[in-house]
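Colleague: Pasting a structure here, questions to come.
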Amino acid sequence: MGKVYLTGAGPGDIDLLTVKALRVVQQADVIIYDRLANPDILLYAKEGCEFIYVGKEDSHHTLPQEEINEIIYQSALKHEHVVRLKGGDPLVFGRGGEEGIYLRERGIAFEFIPGVTSAIAVPEYAGIPVTHRGVTVSFRVVTGHESKKAQSQIPWENYKTDDTIVFLMGLHNLDKITQKLIEVGKPKEHPIAVISKGTTPEEKTVVGTLEDIYEKAKDLPTPALIVVGEVVKLREQLNWFEQ
Ligand code: SAH
Numbered sequence: 074m075g076k077v078y079l080t081g082a083g084p085g086d087i088d089l090l091t092v093k094a095l096r097v098v099q100q101a102d103v104i105i106y107d108r109l110a111n112p113d114i115l116l117y118a119k120e121g122c123e124f125i126y127v128g129k130e131d132s133h134h135t136l137p138q139e140e141i142n143e144i145i146y147q148s149a150l151k152h153e154h155v156v157r158l159k160g161g162d163p164l165v166f167g168r169g170g171e172e173g174i175y176l177r178e179r180g181i182a183f184e185f186i187p188g189v190t191s192a193i194a195v196p197e198y199a200g201i202p203v204t205h206r207g208v209t210v211s212f213r214v215v216t217g218h219e220s221k222k223a224q225s226q227i228p229w230e231n232y233k234t235d236d237t238i239v240f241l242m243g244l245h246n247l248d249k250i251t252q253k254l255i256e257v258g259k260p261k262e263h264p265i266a267v268i269s270k271g272t273t274p275e276e277k278t279v280v281g282t283l284e285d286i287y288e289k290a291k292d293l294p295t296p297a298l299i300v301v302g303e304v305v306k307l308r309e310q311l312n313w314f315e316q
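Here this note's numbering is used: the first residue of the sequence shown is 74, the next is one more, and so on.
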């Protein structure tokens, strides 16, 4: 029986892959990878390494999670070094926890290899720090996907007083998210940014207010994330990557 490395691939820029992730990729007998993991990482695999694409992006899962779990498990029965490569960090809306539990229940050893999460790195490439002395004391990372459900579990009321809020998987709900934030008491002029394809050569950031961002940003390509808060204004001084 092999070992599974539940590995973060970073947010896009291949240079943001960790040394540890690179090492397991180089040793891998099989790599099971997501749509959000930069496929150029696979170029570092050894000859004969098998690649299994289980691409899923936002809500458009090409494979149900249960099937992915089973593919990882079956791979571990056949191979010594199994790498499960996921965009960003495996445990930030990455379902790495579910995969770990599935493997543990079947007696398969695993390791988590943290990755640079898009939630922090993508705003950073856009010149938006998630915290900034004198501006914020906290930041929150929220799923923007769940709010589609009639019975949202998101405690919107609590966000009224939040500093920075980063929504992942939220572009398709951008209008609902901004409406909700206004409903709970954020000013209509509150700063917000949408960042598309962050940390890649196609990165694009659109800045606006809760009131006008939807019209400005709704057609941006995915993956994209949303940053809400006064920190967005710091981009005027800190934008570096898109220049
Ligand atoms: N585990 C990942 C997040 C998975 S959820 C991580 O830690 O980064 C997928 C969401 O992440 C996307 O819908 C998008 O909101 C965000 N995302 C991932 N990569 C991104 C990128 N390069 N640019 C913008 N958003 C990104």
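Idealized CB from N, CA, C, for every residue including glycine.
Which full runs of the alpha helix (DSSP H) of 4+ residues lie inside the region 154 to 198, going along the chain?
Modeller: DSSP runs (the alpha helix (DSSP H)) wholly in the region 154 to 198: 169 to 178 and 191 to 198.
Colleague: Does the ligand SAH have even one heavy atom less than 6 Å from the beta-carbon of Leu241?
Modeller: For the purposes of this step, residue 241 is identified with residue 168 of the sequence shown, where counting begins at 1. Yes.
Colleague: Just verifying my parser: in three-state terms, what is the DSSP assignment at Ala297?
Modeller: Numbered from 1 along the sequence shown, position 224 holds the residue referred to as residue 297. In the structure shown, Ala297 sits in a strand (DSSP, three-state: E or B).
Colleague: Go to Thr120, then tell me how far its beta strand (DSSP E) extends in each direction, as first and last residue.
Modeller: To locate residue 120, count along the sequence shown from 1; it is residue 47. Reading the sequence as shown, one finds Glu at residue 120 and not Thr. Where Glu120 is concerned, there is no enclosing beta strand (DSSP E), given that its DSSP letter is neither H nor E.
Colleague: Can you name the start and end residues of the beta strand (DSSP E) that Ala266 belongs to?
Modeller: Looking up residue 266 in the sequence shown gives position 193. Start and end: Pro264 to Ser269.
Colleague: Give me, in chain order, the residues of the same chain whose beta-carbon lies closer than 6 Å to that of Glu123; leave out the 5 immediate sequence neighbours on both sides.
Modeller: In the sequence shown, residue 123 corresponds to position 50, counting from 1. Excluding residues within five positions, the ones whose Cβ falls inside 6 Å are Val103.
Colleague: For Ser148, which of Glu172, Ile201 and Val257 has the nearest alpha-carbon?
Modeller: Taking the first residue of the sequence shown as 1, we reach residue 148 at position 75. Checking every option, the nearest Cα to that of Ser148 belongs to Glu172.
Colleague: Output the distance between the C-alpha atoms of Glu230 and Val257, rounded to the nearest integer angstrom.
Modeller: Here residue 230 corresponds to residue number 157 of the sequence shown, with the count starting at 1. Here residue 257 corresponds to residue number 184 of the sequence shown, with the count starting at 1. Their Cα atoms are separated by approximately 6 Å.
Colleague: Rounded to whole angstroms, what is the Cα-Cα separation between Glu143 and Pro264?
Modeller: Against the sequence shown, residue 143 aligns to sequence position 70. Against the sequence shown, residue 264 aligns to sequence position 191. Using only the alpha carbons, I get a separation of about 43 Å.
Colleague: Have a look at Glu153, Val280, Gln99 and Thr273 and flag the residue whose alpha-carbon is nearest the alpha-carbon of Pro296.
Modeller: By 1-based counting over the sequence shown, the position of residue 296 is 223. If we check each option's Cα against that of Pro296, Thr273 comes out closest.
Colleague: For the region 246 to 253 against the region 159 to 175, do three or more pairs of beta-carbon atoms, one drawn from each stretch, fall closer than 8 Å, so that the two count as touching?
Modeller: Contact between the region 246 to 253 and the region 159 to 175 is absent, because fewer than three Cβ pairs lie under 8 Å.
Colleague: Hey, would you say the C-beta of Thr204 is under 6 Å away from at least one heavy atom of the ligand SAH?
Modeller: Within the sequence shown, numbered from 1, the residue matching residue 204 stands at position 131. The answer is no for Thr204.
Colleague: When you measure from the CB of Thr234 to every non-hydrogen atom of the ligand SAH, does any distance come out below 6 Å?
Modeller: Start at 1 with the first residue of the sequence shown, and residue 234 comes out as number 161. Incorrect: Thr234 has no Cβ contact closer than 6 Å to the ligand SAH.
Colleague: Exposed or buried, what is Leu150 when buried is set at 16 or more other beta-carbons lying within 10 Å of its beta-carbon?
Modeller: Numbered from 1 along the sequence shown, position 77 holds the residue referred to as residue 150. Flag for Leu150 reads exposed.
Colleague: What is the DSSP secondary structure of Arg108, counted as helix, strand or coil?
Modeller: Locating residue 108 in the sequence shown gives position 35, where the first residue counts as 1. Coil at Arg108, not helix or strand.
Colleague: Provide the residue span of the alpha helix (DSSP H) that contains Lys76, from first to last.
Modeller: Counted from its first residue, the sequence shown places residue 76 at position 3. That residue, Lys76, is in no alpha helix (DSSP H); its beta strand (DSSP E) goes Lys76 to Gly81.
Colleague: Which of the three DSSP states, helix, strand or coil, is assigned to Asn312?
Modeller: As a working mapping, residue 312 is identified with position 239 in the sequence shown. If DSSP states are grouped into helix, strand and coil, Asn312 belongs with coil.
Colleague: If you draw a straight line from the alpha carbon of Val156 to that of Glu140, how long is it in whole angstroms?
Modeller: Counting from 1 along the sequence shown, the entry for residue 156 is found at position 83. Counting from 1 along the sequence shown, the entry for residue 140 is found at position 67. Each residue's Cα considered, the two are about 16 Å apart.
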